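Those letters in the sequence shown? Residues 1103 to 1181, by the numbering used here. Let me begin by presenting the structure, written as C-alpha coordinates, before commenting on it.
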Amino acid sequence: MNAHAPGARNQSTIEENLHIASRFDLTGLPAMVAHVRKDLRTLDAELRELPSAFALRSVTAKCQADVRGAEYDADPRAD
1103 MNAHAPGARN QSTIEENLHI ASRFDLTGLP AMVAHVRKDL RTLDAELREL
1153 PSAFALRSVT AKCQADVRGA EYDADPRAD
(Lines of atoms letter the chains of each structure in order from A and count residues from 1; the text may use other names and numbers.)
(Lines give C-alpha, C1' and ligand atoms only; values in the text may rest on other atoms or scores of the structure.)
Protein backbone atom coordinates (compact mmCIF):
# COMPACT_ATOMS: atom_id res chain seq x y z
CA MET A 1 0.00 0.00 0.00
CA ASN A 2 1.27 3.46 -0.87
CA ALA A 3 2.41 5.30 2.27
CA HIS A 4 0.76 8.48 1.00
CA ALA A 5 -2.61 6.84 0.36
CA PRO A 6 -5.43 7.85 2.74
CA GLY A 7 -6.01 4.25 3.85
CA ALA A 8 -2.38 3.84 4.86
CA ARG A 9 -2.48 7.07 6.84
CA ASN A 10 -5.67 5.99 8.64
CA GLN A 11 -4.20 2.58 9.46
CA SER A 12 -1.04 4.24 10.77
CA THR A 13 -3.10 6.59 12.95
CA ILE A 14 -5.17 3.68 14.29
CA GLU A 15 -2.03 1.71 15.14
CA GLU A 16 -0.48 4.75 16.83
CA ASN A 17 -3.64 5.36 18.88
CA LEU A 18 -3.80 1.70 19.92
CA HIS A 19 -0.15 1.85 20.96
CA ILE A 20 -0.84 4.93 23.11
CA ALA A 21 -4.03 3.42 24.58
CA SER A 22 -2.15 0.24 25.51
CA ARG A 23 -0.12 2.28 28.02
CA PHE A 24 -3.23 3.08 30.07
CA ASP A 25 -5.30 0.80 32.26
CA LEU A 26 -8.85 1.23 30.99
CA THR A 27 -10.38 -1.70 32.89
CA GLY A 28 -12.19 0.65 35.28
CA LEU A 29 -13.67 2.73 32.49
CA PRO A 30 -17.00 0.85 32.18
CA ALA A 31 -17.56 1.20 35.94
CA MET A 32 -16.78 4.93 35.77
CA VAL A 33 -19.19 5.39 32.87
CA ALA A 34 -21.92 3.54 34.77
CA HIS A 35 -21.28 5.70 37.83
CA VAL A 36 -21.48 8.91 35.79
CA ARG A 37 -24.71 7.74 34.13
CA LYS A 38 -26.22 7.02 37.55
CA ASP A 39 -25.17 10.48 38.78
CA LEU A 40 -26.71 12.09 35.69
CA ARG A 41 -29.99 10.23 36.22
CA THR A 42 -30.04 11.33 39.87
CA LEU A 43 -29.31 14.92 38.89
CA ASP A 44 -32.03 14.82 36.23
CA ALA A 45 -34.57 13.57 38.80
CA GLU A 46 -33.56 16.30 41.26
CA LEU A 47 -33.79 18.99 38.59
CA ARG A 48 -37.29 17.83 37.65
CA GLU A 49 -38.38 18.39 41.27
CA LEU A 50 -37.30 22.04 41.22
CA PRO A 51 -40.02 24.63 40.66
CA SER A 52 -40.42 25.89 37.12
CA ALA A 53 -39.14 29.30 36.09
CA PHE A 54 -42.76 30.46 35.79
CA ALA A 55 -43.45 29.38 39.37
CA LEU A 56 -40.36 31.19 40.63
CA ARG A 57 -41.35 34.36 38.76
CA SER A 58 -44.87 34.06 40.15
CA VAL A 59 -43.60 33.77 43.74
CA THR A 60 -41.23 36.71 43.17
CA ALA A 61 -44.07 38.81 41.75
CA LYS A 62 -46.27 37.93 44.75
CA CYS A 63 -43.54 38.93 47.19
CA GLN A 64 -42.96 42.20 45.34
CA ALA A 65 -46.71 42.90 45.34
CA ASP A 66 -46.86 42.14 49.08
CA VAL A 67 -44.04 44.59 49.71
CA ARG A 68 -45.74 47.30 47.66
CA GLY A 69 -49.19 46.47 49.05
CA ALA A 70 -50.47 45.98 45.51
CA GLU A 71 -52.83 43.38 44.11
CA TYR A 72 -51.29 40.19 42.84
CA ASP A 73 -52.39 38.16 39.82
CA ALA A 74 -50.86 34.69 39.62
CA ASP A 75 -49.21 33.69 36.38
CA PRO A 76 -51.43 30.91 34.96
CA ARG A 77 -48.32 29.21 33.51
CA ALA A 78 -46.93 28.68 37.04
CA ASP A 79 -49.10 25.59 37.55
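Glycine included, every Cβ here is placed at the ideal spot set by N, Cα and C. These numbers come from a predicted model, not from an experiment.
Only exposed fits Ser1124, as fewer than 16 other CB atoms lie within 10 angstroms of its CB. Counted as a single uninterrupted DSSP element, the stretch harbouring Leu1152 is not any alpha helix (DSSP H), since DSSP gives it neither H nor E. In this structure, DSSP gives Asp1141 a helical state, which the three-state scheme calls helix.
Counting C-beta atoms within 10 angstroms of its own C-beta, Ser1114 has fewer than 16 neighbours from the protein chains shown and is therefore classed as exposed.
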